[in-house]
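According to the numbering used here, the sequence shown is numbered sequentially starting from 20. Don't be surprised by glycine CBs; every beta carbon is placed ideally from N, CA and C. None of the values given here were measured: they were computed from a predicted structure. Accompanying notes for the structure given below.
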Amino acid sequence: MIATPRYRRGLHVLAVIVAGWTLFMIIAGGMVTSQNAGDSVPDWPLSYGSLLPPMVGNVFWEHGHRLVGMALGLLALALTIWILRVEHRPRVRLLGWLAFPAVCAQGLLGGLRVKLISSETIQNLLFANPTGADIEKLRVGVAVFHTATAQLIFC
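Quick look at the structure:
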């Protein structure tokens with residue numbers, strides 16, 4: 020006889036919270052773009068060297084997006100750990116294994132975009148072209164990839 024998986028209300032609630040927070044994160048990213056705030060904080064992972072910089076102007080949108088992302092990372096980590104501890108279905112465990120790295124990859128893509136426009140060292144490593152034209156194309160490409168994969172992960 021095959022054992023039926025036990026319903027865990029708490030795990031279900033956390034999964035719904037993570038899904039909702041992910042949607043909130045995508046909306047926050049859209050606000051960063053629509054407010055033209057994507058380049059308002061020149062460093063990463065901190066913002067102006069601080070975890071909590073003054074939230075004025077476009078820094079509110081950009082750093083707010085980062086804070087929402089950090090919270091999402093913690094929520095995804097909690098969900099992954101919980102799934103791996105109590106869940107026995109292979110598909111659910113696989114999703115648990117994929118969730119946290121996917122969220123981390125999104126954060127790293129966002130950070131890469133910031134570094135591409137603000138770190139001369141990274142620009143010099145990637146390009147020998149001093150005009151910056153290639154850097155702009157890559158920056159936009161990373162931004163588009165970051166946006167598209169965020170929506171794909173959500174689905």
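Nearest neighbour of residue i, chosen from the options [CA to CA]
i    : options               : result
R132 : V111, G115, A162      : A162
L135 : D58, G29, A118, L71   : D58
Y26  : I102, A90, T41        : I102
R84  : V51, S137, R110       : Residue identity check: residue 84 is His in the sequence provided, not Arg. With distances taken between Cα atoms, H84 lies closest to V51.
W40  : M89, R158, G160, E155 : M89
W80  : L65, R110, S53        : S53
Helix, strand or coil at residue i [DSSP, three-state]
i    : result
E155 : helix
R25  : coil
Residue range of the alpha helix (DSSP H) that includes residue i
i    : result
C174 : Unbroken run through C174: none, as it is neither H nor E.
R110 : 109–137
beta-carbon residue i near the ligand MN non-hydrogen atom, thresh 8 angstroms
i   : result
L65 : Absence of the ligand MN from the depicted structure is noted, as is the absence of any ligand whatsoever, leaving it without description.
3 or more residues per run - each beta strand (DSSP E) lying fully within the stretch 51–92: Runs of the beta strand (DSSP E) inside the stretch 51–92: none found.
Stretch-stretch touch, CB-based, cutoff 8 angstroms, three pairs: the stretch 58–71 with the stretch 30–38: Here the stretch 58–71 makes no contact with the stretch 30–38; the two share fewer than three CB pairs at distances below 8 angstroms.
Validate contact between the stretch 90–99 and the stretch 118–127 using beta carbons, cut 8 angstroms, 3 pairs: Result yes; three or more Cβ-Cβ pairs closer than 8 angstroms.
Given 8 angstroms, three or more beta-carbon pairs between the stretch 156–172 and the stretch 41–50: Of all C-beta pairs linking the stretch 156–172 to the stretch 41–50, three or more are shorter than 8 angstroms, placing the two stretches in contact.
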